[in-house]
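Remarks on the structure that follows.
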Amino acid sequence: LFDGVVLTGAETTFTFDETRLSLDNLKGNLFGGRMAAGFDLVDANGVTVFSGRVDLANGRLEEIVWKDHGRAVASGEVSAGVELDGRGRSLAAIVSSLSGTGSFTATNGILRRLNPNAFDQIVSAADAGLDLQEDRVRAAFAGHLDSGSLPFKSMEGAFTISSVVLRASTIHTDAHDLDCIASATAE
3 LFDGVVLTGA ETTFTFDETR LSLDNLKGNL FGGRMAAGFD LVDANGVTVF
53 SGRVDLANGR LEEIVWKDHG RAVASGEVSA GVELDGRGRS LAAIVSSLSG
103 TGSFTATNGI LRRLNPNAFD QIVSAADAGL DLQEDRVRAA FAGHLDSGSL
153 PFKSMEGAFT ISSVVLRAST IHTDAHDLDC IASATAE
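Residues 3 to 189 in this note's numbering are what the sequence shown spells out, letter by letter.
The following block contains the structure:
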């Protein structure tokens, strides 16, 4: 998921006994910010139960999001937290069963390839004679949408994770001339 990501300046408390392995107060530098986390693995009659929490403060959004032609699709400062639980008889089973909840806040950022004027531009193109066939309108709108960026003051949302799918049902974005609510799904 995050090729080449390295946690630097890491410190933690590691404890274990016959049925539990714990990493407490795991702290370090990650994604340009400060990460704090804790994890437990507990043996429950042959099934390993995982629980954990990860918090990131003041990270760089551009180090987390995907890149398009080598350029991050978003930038800004981000803080986030997530609580996760999973269980299984193998690492793959634990990962596939992970579920949890979390939230994030990003500030002073830019969403690239998201032109806030795209709708107005497509209306103007239609008024100027754009052929209103669905495929032509879709292609013209995609071109307008990709041609700009949306600077934002803040973006915040809550999300759930279930069966390796992250769903954010309400993402509120406060930008200069735009106040919107969106949703997103990522696998």
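For each residue, glycine too, the CB sits at the ideal point set by N, CA and C.
Self-check item: Where H64 falls, given that 16 or more other Cβ within 10 Å makes a residue buried
Solution: Taking the sequence shown and counting its residues from 1, one reaches residue 64 at position 62. Sequence inspection shows Glu at residue 64; the His mentioned does not correspond to that position. E64 should be labelled buried.
Quiz item: Under a three-way DSSP split, which group does R89 fall into?
Solution: Residue numbering aside, residue 89 sits at position 87 when the sequence shown is read from its first letter. Looking at R89 - three-state DSSP - the assignment turns out to be strand.
Practice problem: Please report how far the alpha carbon of P118 lies from the alpha carbon of V166, in whole angstroms. | Solution: In the sequence shown, the residue the question calls residue 118 occupies position 116. In the sequence shown, the residue the question calls residue 166 occupies position 164. So the alpha carbons of these two residues sit roughly 31 Å apart.
Quiz item: Per the contact definition of three or more C-beta pairs closer than 8 Å, is the stretch 154-163 in contact with the stretch 96-107?
Solution: yes
Quiz item: In the DSSP assignment, what are the bridge partners of S156?
Solution: The residue labelled residue 156 in the question sits at position 154 within the sequence shown. DSSP output for S156 lists T109, D176 as bridge partner(s).
Quiz item: Between the C-alpha atoms of D87 and K155, what's the straight-line distance to the nearest angstrom?
Solution: Walking along the sequence shown from the start, residue 87 turns up at place 85. Walking along the sequence shown from the start, residue 155 turns up at place 153. Taking the straight line joining both Cα atoms gives about 33 Å.
Self-check item: Through-space distance from F18 to S92, alpha-carbon basis
Solution: Locating residue 92 in the sequence shown gives position 90, counting from the first residue. Locating residue 18 in the sequence shown gives position 16, counting from the first residue. C-alpha separation (whole angstroms): 19 Å.
Practice problem: Thinking T180 and L147 are a contact (beta carbons under 8 Å), I'd like their distance in whole angstroms, please. | Solution: Here residue 180 refers to the residue found at position 178 of the sequence shown. Here residue 147 refers to the residue found at position 145 of the sequence shown. The displayed chain sequence assigns Leu, not Thr, to residue 180. About 13 Å separates the CB atoms of L180 and L147; that is not less than 8 Å, and the two are not in contact.
Quiz item: Where does D26 fall in DSSP's three states?
Solution: For the purposes of this step, residue 26 is identified with residue 24 of the sequence shown, where counting begins at 1. The answer is strand: DSSP assigns D26 an E or B state.
Quiz item: If you check the beta carbons only, do E85 and N60 fall under 9 Å apart?
Solution: Position 83 of the sequence shown, counted from the start, is the residue given in the question as residue 85. Position 58 of the sequence shown, counted from the start, is the residue given in the question as residue 60. No.
Quiz item: Are three or more beta carbon pairs between the stretch 113-133 and the stretch 92-101 nearer than 8 Å?
Solution: In short, these stretches do not touch, since the Cβ pair count stays below three.
Quiz item: Along the chain, where does the alpha helix (DSSP H) that runs through S149 open and close?
Solution: Position 147 of the sequence shown holds residue 149. Per DSSP, S149 belongs to no alpha helix (DSSP H) and is neither H nor E.
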